[in-house]
Amino acid sequence: MRLSGGIYSVLFYIIKQERSDYMTLKEYANILLPNVSHTKEEYEAMYKDRKLPDGAIVTRFAPSPTGFVHIGGLFTSFIASTFARQTGGVCLLRIEDTDTKRTVTNGIEEIIRDLKDYDITFDEGAISETEEIGEYGPYIQSKRKDIYQAFAKYLIENNLAYPCFMTEEELENIRTKQENVKARIGIYGKFAKFRDIGIEEAIERINKGEKYIIRFKSPGNFENKVIINDAVRGKLAFPENDLDIVLIKKDGLPTYHFAHLVDDHLMKVTHIIRSDEWLSSLPIHVQLFDTFGYTRPTYAHLSPLTKKDEGGIRKLSKRKDKEAAVSYYHEAGIPKEAVKIYIMTTANSNFEEWYEKNKEHWTDFKLSFDKVSTSGSLFDLDKLTNISRNYISTMKASDLYTEVLSYSQEFDKEFYDLLTTYKNYSINVLNIEREIERPRKDIENYGAVKREISYMYDELFEKDTTQYEHKDFYNKELLTYYINNVYDENDDKQTWFNKIKEICPRFGFASETKEYKQNPENFKGSVSHICELIRVAVTNRTQTPDLYEILKLLGKERIKTRIEKFNI
RNA sequence: GGCCGGUUGGUGAAAUGGUUAACACAUCGCCCUCUCAAGGCGACAUUCACGGGUUCAAAUCCCGUACCGGUCACCA
């Protein structure tokens, strides 16, 4: 790569000597790109080298403000910011709004909000539509027009860029022609019609009012190979780029390729972490860096999250898949931590094992590029659910309460009111079989909490119309006897259970399950059936967490009321 | 079509030349248990897309084929 850089410099030297009789390249550049306030050199001087500790890397997340953040964007930004944080470096947010047609109002705010929901914040960059922090800005590309043009001008002055007057129809024709003869598609070689027109002709066309764009005069040869080292994929070999790609569009704004060069160089970004759809334009990017004599950044291309769809596997699509939007997880009440843990699991396969041993400080995990999978991972909602379930099980009741409260405030007003009215009670309910060595894992997301514990609220319990099938051993007399003569709120768990066992013989039940199993015909049921009966009467469910705890929280009076209302 | 990348069980994947191909999710079975959820124990790829080669030895290296994905815009 150094060698080719050297060749380009020699080329510059020769070209710089070249003078048209008509006008100098410098004058030409001024006509092509008028109203540029600074030179490339002046801009370069404005962006100082960063003073960062050894090994610190500078990353960036560079989304287009075209709507909500995609799970892939979350994935990329999380990884980029994590790497920067872990090396004591910088992660910046740059807004790529050079496609004015696709730009959406409030797009920037939306991106920032979505990412902030997941605690992804940036050391530098846009913080709103109008404000930004950091000394390497502006961080919104539409505000950098002058800079890109200064760099393009430099290329024109060195005969490495030129105006192209081709119309859309002409472009279209070339394309179909290439398709017909099965040639490579694009503007290169003999298809680059305006590559070598004289300055005179160009000026003439401009004077006639013809519109033009600025194309790169690619010095590449398709027959040659470039070797690029990708941090996650290793050594990659591509044909050299020989496409005269567009640098500056008709609206004066740069294309992605050119903006990438200018911005990432000026902003001193060391690591380009992006999705692998960029892999194939890598030859363009390194050629641009080499042409300017800039050090190439390290590239790390991430494989996309995919989805199985009607037999085929495809990238998660922003348009088609509801789970592609990060707001989906927010609405489902999946904890942001679970989403992040899932991302880490997919990013580095050795994370999961490490996480098991380091749950409390999992964010300390050291990500590494070479452990990043090179094949696209199928997005696994089951796995995410499991992570979510596990994560919620480790939360303290009061924290869970806070999260569920804010979730329901947004999505379930009825439940929110109940949680507010019965705050301490609710925390106690959530604390059943929690904050112990093996906590329950039956809550898969915040949205499921109401469903799990609704019977603990009279307001919801009364509305529960589920009817269970009557079973032979259901016995109201037993229940009445139990609540009036046996149940004591002050009993400890063992005593509570022993008392249930004690009433078994009185009603024809076996006090030991084993005893019942051996001779079921001798009994109406066993102690477990009595528990089931109490459970159904009091909660209208056959499955609940610890009955003892539930009864205790409900209190004797409410149990009594519920038993009285229980229809057998 | 050109170029590039990928291919290990239902899923995510580990192992990168050397015993029975980790681990996790899912599924199933048993145990424990007042019911669930957990938890414990166990089952689950004779085989790493296919074909050939190199080697004493290949999921791992090489070649070819197939399939999947990406890209080929004045979109990013």
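Residue numbering for the first sequence follows my numbering, starting at 241 and increasing by one per position.
Where is the CB? At the ideal position from N, CA and C, for every residue including glycine.
Can you name the residues that DSSP bridges to residue i?
{"i": "Arg455", "result": "Tyr402, Val486"}
{"i": "His505", "result": "According to DSSP, His505 bridges with nothing at all."}
{"i": "Leu333", "result": "Phe301, Gly365"}
{"i": "Ala565", "result": "His310"}
{"i": "Ser515", "result": "Leu542"}
{"i": "Asn828", "result": "Because the chain spans 241 through 808 in this model, residue 828 falls outside it and cannot be assessed."}
Where does residue i fall in DSSP's three states?
{"i": "Gly551", "result": "A caution first: Gly551 carries a pLDDT of 49, below 50, which makes its placement in the model unreliable, though a value can still be read off. Coil."}
{"i": "Asn715", "result": "coil"}
{"i": "Pro785", "result": "coil"}
{"i": "Pro192", "result": "This structure gives no information on residue 192, because the portion of the chain shown stretches from 241 to 808."}
{"i": "Val612", "result": "strand"}
{"i": "Ser277", "result": "coil"}
{"i": "Pro494", "result": "strand"}
{"i": "Glu372", "result": "strand"}
{"i": "Val421", "result": "coil"}
{"i": "Leu545", "result": "strand"}
{"i": "Phe749", "result": "strand"}
{"i": "Arg415", "result": "helix"}
{"i": "Lys597", "result": "helix"}
{"i": "Asp289", "result": "coil"}
{"i": "Phe431", "result": "helix"}
{"i": "Met342", "result": "Note that residue 342 corresponds to Arg in the displayed sequence, not to Met. In this structure, Arg342 counts as coil in the three-state DSSP scheme."}
{"i": "Ser557", "result": "coil"}
{"i": "Glu684", "result": "coil"}
{"i": "Arg674", "result": "coil"}
{"i": "Lys764", "result": "coil"}
{"i": "Ile583", "result": "helix"}
Going by C-alpha to C-alpha distance, which of the options sits closest to residue i?
{"i": "Ala688", "options": "Leu645, His497, Thr614, Lys711", "result": "Leu645"}
{"i": "Glu372", "options": "Ile437, Arg334, Asn461, Tyr394", "result": "Arg334"}
{"i": "Val298", "options": "Gly307, Phe323, Phe315", "result": "Phe323"}
{"i": "Ile446", "options": "Lys457, Gln381, Tyr714, Phe405", "result": "Phe405"}
{"i": "Arg678", "options": "Gly533, Phe701, Tyr631, Asn685", "result": "Tyr631"}
{"i": "Tyr394", "options": "Ser520, Glu410, Gln418, Leu265", "result": "Leu265"}
{"i": "Tyr428", "options": "Ala750, Gly492, Arg455, Gln707", "result": "Arg455"}
{"i": "Met674", "options": "Arg325, Ile468, Tyr708, Pro785", "result": "Correcting the residue identity first, residue 674 is Arg in this sequence and not Met. When only C-alpha atoms are compared, the closest one is Pro785."}
{"i": "Ile693", "options": "Ile667, Ala285, Lys741", "result": "Ile667"}
{"i": "Asp484", "options": "Gln527, Ser515, Phe749", "result": "Gln527"}
{"i": "Tyr647", "options": "Asp357, Glu375, Ala401", "result": "Asp357"}
{"i": "Gly573", "options": "Lys611, Asp530, Gln707, Phe651", "result": "Phe651"}
{"i": "Thr279", "options": "Ser382, Glu336, Pro378, Glu397", "result": "Glu397"}
{"i": "Lys555", "options": "Glu281, Arg342, Gly312", "result": "Gly312"}
{"i": "Asn738", "options": "Leu659, Ala578, Ile770", "result": "Ile770"}
{"i": "Ile425", "options": "Lys606, Glu412, Phe434, Tyr534", "result": "Glu412"}
{"i": "Thr510", "options": "Pro745, Glu336, Tyr534, Tyr656", "result": "Tyr534"}
{"i": "Ser766", "options": "Gln758, Ile774, Glu752", "result": "Glu752"}
Got a sec, what are the start and stop residues for the alpha helix (DSSP H) residue i sits in?
{"i": "Arg300", "result": "Looking at the DSSP string, Arg300 is not in any alpha helix (DSSP H); the run it does join, the beta strand (DSSP E), is 298–301."}
{"i": "Ile467", "result": "That residue, Ile467, is in no alpha helix (DSSP H); its beta strand (DSSP E) goes 465–470."}
{"i": "Lys393", "result": "385–397"}
{"i": "Ser321", "result": "311–326"}
{"i": "Ala477", "result": "Looking at the DSSP string, Ala477 is not in any alpha helix (DSSP H); the run it does join, the beta strand (DSSP E), is 474–479."}
{"i": "Ser646", "result": "637–651"}
{"i": "Ser768", "result": "767–779"}
{"i": "Ile667", "result": "663–670"}
{"i": "Glu742", "result": "733–743"}
{"i": "Phe529", "result": "522–532"}
{"i": "Gly347", "result": "347–356"}
{"i": "Leu265", "result": "265–272"}
{"i": "Lys800", "result": "796–805"}
{"i": "Arg445", "result": "439–447"}
{"i": "Phe701", "result": "698–701"}
Return the first residue and the last residue of the beta strand (DSSP E) that residue i is part of.
{"i": "Leu542", "result": "538–542"}
{"i": "Ser628", "result": "Careful: Ser628 lies outside any beta strand (DSSP E), inside the alpha helix (DSSP H) at 621–633."}
Excluding five sequence neighbours on each side, which residues of the same chain lie with their C-beta closer than 8 Å to the C-beta of residue i?
{"i": "Asn464", "result": "Pro479, Glu480"}
{"i": "Glu369", "result": "Asn346, Ile348, Glu349"}
{"i": "Ile799", "result": "Ile723, Tyr727, Val778, Leu791"}
{"i": "Gly551", "result": "Note that Gly551 scores 49 on pLDDT, short of 50, meaning its location in the model is unreliable; the coordinates nonetheless yield the value given after this. Nothing meets the Cβ criterion."}
{"i": "Thr586", "result": "Phe315, Leu545, Ser613, Ser617"}
Short of 6 Å in beta carbon distance, which residues of its chain neighbour residue i, apart from the five on each side in sequence? Order them along the chain.
{"i": "Thr495", "result": "Val486"}
{"i": "Gly328", "result": "Pro293, Ala296"}
{"i": "Glu684", "result": "Thr625, Ser628, Arg629"}
Identify, in the order they occur along the chain, each residue of the same chain with its Cβ nearer than 7 Å to the Cβ of residue i, setting aside the five sequence neighbours on each side.
{"i": "Met263", "result": "Ile439"}
{"i": "Val276", "result": "Asp386, Gln389, Ala390, Lys393"}
{"i": "Ile351", "result": "Pro303, Pro305, Val309"}
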